[in-house]
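J.: Every letter in the sequence shown is one number past the one before it in this note's numbering, and letter 7, counting from 1, is 390.
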Amino acid sequence: MKIIVDSGSTKADWKFLAPHQEMMLHTIGFNPVFHSSEFIGSEIQKEFKGIIDLQQEAEIYFYGAGCWDKSRNAVVAEGLKQVFPNASIEVHHDLLAAARATCGREPGISCIIGTGSNTCLYDGIDVRDNVTNLGYLCGDEGSGTHLGKKLIRHYFYREMPKDLLDKFETFIGGGKQTILDTVYNGEPPNVYLASFTRFMSEHTYHPFIQRILYRSFAEFIDRHVRKYEGHMRLPVHFIGSIAFVFQDMLKIVLTERAMHAGIFIKQPIDRLVEYHREFVH
């Protein structure tokens with residue numbers, strides 16, 4: 384069996400490929416920056432026990448957020464090995480998944496904009512350049528976390544228009560204290576902050592929301608994508624829920640800079656499977 388996994392910080396898509404059968408399952412996302420091998424192993428075991436034969440021989444290709452060096456990749460590989468003891472395991476950065484899913488074997492620039500954000504220059508085979516992503520504390524421009532941060536900042540600093548303010552306070556329920564408690568003492572703050580983009584998606588018509596989106600995406604394009612050689616001629620592709628939902632604004636930002644928008648994919652797993660079928664044997 385071949386198992387292909389695309390994991391962000393929020394959720395992971397698992398595609399199980401047997402000779403005459405395919406199955407898709409979903410789990411929470413696993414990020415070695417936040418999760419230990421033990422946590423990863425126990426969560427996968429809990430989700431798949433009784434559904435998948437965990438003892439069978441398999442090839443696992445795991446593409447994940449936070450998997451940018453050998454030590455972090457080893458955290459994920461060890462967690463997988465606890466659950467699939469007879470599997471061969473390869474762990475790769477989610478940027479390679481983005482590049483393979485969007486570009487295939489053609490050169491291009493591939494961008495991830497979901498809970499976090501990242502970019503790479505791809506030559507059709509390998510990732511050739513990557514402007515360093517500083518994560519949700521210092522970077523992640525354009526991401527759900529970045530947008531959520533901007534939105535709640537406007538809320539706390541009394542900069543939100545009155546017609547949106549009432550709707551936003553209904554949306555958050557518990558008020559300012561709930562936001563502060565959750566950001567500093569609750570669930571992973573990046574995931575929580577990104578959850579505010581649901582409010583933005585419901586009010587994309589509003590000029591105030593449009594300004595936040597425009598400025599955040601312009602910062603993302605200018606600080607990351609425009610640093611790559613060939614950015615004016617290569618297609619700029621996107622994967623991730625934020626890029627997919629707000630693609631109209633991203634296209635405006637690119638068009639203003641005479642850059643070429645490529646494809647927008649919410650979930651890359653199916654195109655990643657196609658890539659493996661065609662090129663990975």
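Think of the CB as a built atom: it goes at the ideal place given N, C-alpha and C, for glycine as much as any other residue. The structure displayed is predicted, hence computed values, not measured ones.
Apart from the five residues on each side of it in sequence, which residues of its chain come closer than 7 Å, Cβ to Cβ, to G557?
T.: none
J.: Locate the beta strand (DSSP E) running through Q593, then write down its first and last residues.
T.: First-last for Q593: 590 to 606, but that is the alpha helix (DSSP H), not the beta strand (DSSP E).
J.: Using a threshold of 8 Å, state whether the C-beta atoms of V474 and G447 are closer than that.
T.: yes
J.: Along the chain, where does the alpha helix (DSSP H) containing I435 start, and where does it finish?
T.: I435 -> no alpha helix (DSSP H), and no H or E assigned at all.
J.: Could you please give the first and the last residue of the uninterrupted alpha helix (DSSP H) stretch that includes V514?
T.: Note, V514: premise wrong, no alpha helix (DSSP H); not H, not E.
J.: By Cβ distance below 6 Å, which residues in the same chain neighbour A577 in space, the five residues on each side in sequence not counted?
T.: T498, G527, T528, G531
J.: Ordered along the chain, which non-local residues of its own chain (more than five positions away) have a Cβ less than 7 Å from that of E461?
T.: S420
J.: Does the beta-carbon distance from H620 to T485 come in below 8 Å?
T.: yes
J.: According to DSSP, W397 sits in a beta bridge with which residue or residues?
T.: V388, L408
J.: Applying the criterion that 16 or more other CB atoms from any shown protein chain within 10 Å of the CB defines a buried residue, is P651 buried or exposed?
T.: buried
J.: Give me, in chain order, the residues of the same chain whose beta-carbon lies closer than 8 Å to that of N469; leave out the 5 immediate sequence neighbours on both sides.
T.: Q438, Q439, E440, A441
J.: Quick check: what's the CA-CA separation for L637 versus Q428?
T.: 43 Å
J.: Would L534 be called buried (16 or more neighbouring beta carbons within 10 Å of its own) or exposed?
T.: By the Cβ-count criterion, L534 is buried, with 16 or more other Cβ atoms from all chains shown falling within 10 Å of its own Cβ.
J.: Thinking C-beta only, is R483 closer than 8 Å to Y658?
T.: yes
J.: So the alpha helix (DSSP H) C486 belongs to, where does it begin and stop?
T.: 477 to 486
J.: What are the boundary residues of the alpha helix (DSSP H) that L617 is part of?
T.: That residue, L617, is in no alpha helix (DSSP H); it is neither H nor E in DSSP.
J.: Could you tell me whether any Cβ in chain B is nearer than 8 Å to the Cβ of V466?
T.: The displayed structure is made up of one protein chain only, and chain B is not part of it.
J.: Using the rule of at least 16 other Cβ atoms within 10 Å of the residue's Cβ for burial, across every protein chain shown, is R654 buried or exposed?
T.: buried
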